[in-house]
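Number of protein chains: 2
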Amino acid sequence: MAQTDTVTRILDTAEVLFAERGFAETSLRNITGKAKVNLAAVNYHFGSKKALIQAVFSRYLDPFSDRFHAAIDELERGYGDRVIPLEVLLETMARTVLEVPAERHSLKVFMRLLGLAYSQAQGHLRRYIQDQYGTVFTRFVALVRKATPELPDSERFWRLHFALGTVIFTLSGLDALRDIAEKDYDEHVSVRDLVRRMMPVVVSALKAPLPEPAPTTPPATREPTA
Amino acid sequence: MAQTDTVTRILDTAEVLFAERGFAETSLRNITGKAKVNLAAVNYHFGSKKALIQAVFSRYLDPFSDRFHAAIDELERGYGDRVIPLEVLLETMARTVLEVPAERHSLKVFMRLLGLAYSQAQGHLRRYIQDQYGTVFTRFVALVRKATPELPDSERFWRLHFALGTVIFTLSGLDALRDIAEKDYDEHVSVRDLVRRMMPVVVSALKAPLPEPAPTTPPATREPTA
DNA sequence: CCAGTATTCAAACAATTGTTTCCAACTGCC
DNA sequence: GGCAGTTGGAAACAATTGTTTGAATACTGG
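Heads up: the protein sequence lines correspond to chains V and W, in order. Read in order, the letters of the first sequence are residues 2 to 227 in this note's numbering. Read in order, the letters of the second sequence are residues 2 to 227 in this note's numbering.
Below, the structure is given as structure tokens:
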């Protein structure tokens with residue numbers, strides 16, 4: 002072992018560069034150069050660039066998955082068969098998300114990676130995440146369902162994704178937004194601040210009144226095909 | 002002119018491919034091949050790939066900017082110096098967003114492009130959009146400010162971005178989400194449906210109670226550096 | 001110490017990228 | 001009709017990409 006393991010040095014560098022510039026825009030020479038390892042090391046240790054990308058994600062998501070399962074276990078034990086309130090569920094999720102990357106890396110990087118996983122083409126990534134970590138989210142959604150019985154299932158589905166959009170979009174674009182906020186409002190927000198700020202917003206969003214049903218007769222404006 | 006202008010054939014193809022796979026993952030040969038124009042045509046008509054990307058955006062954003070300015074003009078004329086309610090502002094925004102791409106292209110593509118503009122590295126793009134279309138949004142934000150006087154400026158700033166995240170994330174990942182929704186809930190949602198569904202959620206989000214101030218003494222969990 | 005495995009390294013590989021070049025085809029105009 | 005300038009097209013360009021190779025080196029168990 003030189004100073005730190007080659008594998009972890011590659012992972013550490015890759016996740017930062019991926020988060021900064023995206024997957025396609027980050028070349029292996031870029032990574033290996035900055036990590037001061039040989040170019041072939043990536044293909045030797047991981048097999049391919051795609052495998053490296055997945056490895057970067059599992060290093061975050063494996064501990065997250067474990068901890069979140071554990072946190073839900075504890076929650077269910079504490080509440081018995083009473084309903085766990087929505088706020089508690091969201092707090093637990095937030096706490097776990099905040100804890101995991103804090104141990105080694107930055108939450109900003111983690112969220113940026115998550116955002117990329119959704120927005121970049123990279124079909125293999127979405128599939129990988131879905132296959133590997135789908136069960137945790139299914140479990141979470143089931144609890145949210147009990148906490149919001151007044152919501153139709155499909156409405157809850159969409160609203161959870163609305164909330165997911167809020168979180169991922171904000172935290173993955175954090176740097177740019179923070180710059181503006183600091184310049185315009187002279188306030189320095191930490192990630193924890195932001196999560197605290199999101200909490201009432203997300204709760205209100207999930208509990209919002211149901212939309213009025215689709216109008217049978219369209220309003221005055223011409224109806225486009227989109 | 003062959004059948005349709007080469008320039009518009011390039012733009013039509015490029016926007017679809019960009020939306021499907023991202024900018025870096027879409028090669029010029031990909032575009033020119035599908036558009037059945039010569040490879041050199043892109044560099045001849047647009048100058049570079051970067052310029053092509055910007056051209057794709059202005060074809061959407063120019064009409065949007067014009068229409069939205071006009072819509073706000075009319076709104077201000079109608080309301081005089083009374084405050085325009087938040088719901089009306091959001092409705093106007095939604096209507097304009099729905100109208101513009103409907104004339105020629107799909108809203109899904111438009112939103113996917115917007116999402117990419119935020120998430121992909123492509124620094125030049127964010128700068129271009131900011132420089133070119135910043136004033137429209139500034140105007141909109143000023144009206145929202147009057148409509149939500151109870152919100153601190155910085156809080157409104159963040160919440161507007163929360164809402165932006167909801168919209169862009171949902172509509173740019175529309176296809177995947179729609180597939181799930183159709184499979185799991187057997188309901189076919191149109192873009193208009195989704196926008197209608199988002200409306201009360203966004204309104205509630207913006208009007209949510211203010212977060213409790215940051216705790217002076219951190220909770221039991223160790224405070225990470227992120 | 002030595003055999004054998006695991007790792008590192010420089011170099012080359014084939015494929016793909018954006019861009020440029022140079023020439024043919026076409027356009028409108030006097 | 002012939003000449004300007006614009007557009008179309010095939011080929012080549014230089015640069016960069018992910019991956020593979022084969023030899024050199026480091027490590028490990030006996």
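Heads up, the beta-carbon is just placed ideally off N, CA and C, and yes, glycines get one too.
Contact with chain V by residue i, beta-carbon distance below 9 Å
i        : result
Pro233/W : A question about residue 233/W goes unanswered here, because the residues of chain W that appear run from 2 up to 227.
Gly166/W : yes
Ala209/W : yes
Arg197/W : yes
Arg140/W : no
Tyr134/W : no
Glu77/W  : no
Glu188/W : yes
Pro201/W : yes
Cβ of residue i within 9 Å of any chain W Cβ
i        : result
Gly117/V : Before going on, a small fix: residue 117/V reads as Leu here, not Gly. Cβ-Cβ to chain W under 9 Å: yes for Leu117/V.
Met94/V  : no
Asp67/V  : no
His46/V  : no
Ala206/V : yes
Arg146/V : no
Asp185/V : yes
Leu12/V  : no
Arg83/V  : no
Assigned secondary structure, residue i (DSSP; H/G/I helix, E/B strand, else coil)
i        : result
Phe24/V  : coil
Val190/W : coil
Leu91/V  : helix
Ala209/W : coil
Val98/V  : helix
Glu151/V : coil
Ile85/W  : coil
His162/W : helix
Thr7/V   : helix
Lys35/W  : helix
Ser66/W  : helix
Leu76/V  : helix
Gly48/W  : coil
Leu29/V  : helix
His125/V : helix
Ser107/W : coil
Gly135/W : helix
Pro201/W : helix
Supposed close pair residue i, residue j - CB separation, criterion 8 Å
i        : j        : result
Ala209/W : Pro201/V : 5 Å
Leu117/V : Phe19/V  : 7 Å
Thr1/W   : Val38/W  : Residue 1/W lies beyond the residue range present for chain W, which begins at 2 and ends at 227; the question has no answer from this structure.
Arg140/W : Ile73/W  : 6 Å
Glu16/W  : Leu114/W : 7 Å
### Task
Could you list the residues in the region 49-65 of chain W with a C-beta less than 9 Å from some C-beta on chain V, going in chain order?
none
### Task
Quick one: which residues of the region 14-46 of chain W get their C-beta closer than 8 Å to a C-beta of chain V? List them in chain order.
Glu21, Arg22, Gly23, Ala25 and Glu26
### Task
Select from the region 149-182 of chain V all residues with a C-beta closer than 8 Å to any C-beta belonging to chain W, and list them in chain order.
Asp154, Ser155, Glu156, Phe158, Trp159, Arg160, His162, Phe163, Ala164, Leu165, Gly166, Thr167, Val168, Ile169, Phe170, Thr171, Ser173, Gly174, Ala177, Leu178, Ile181 and Ala182
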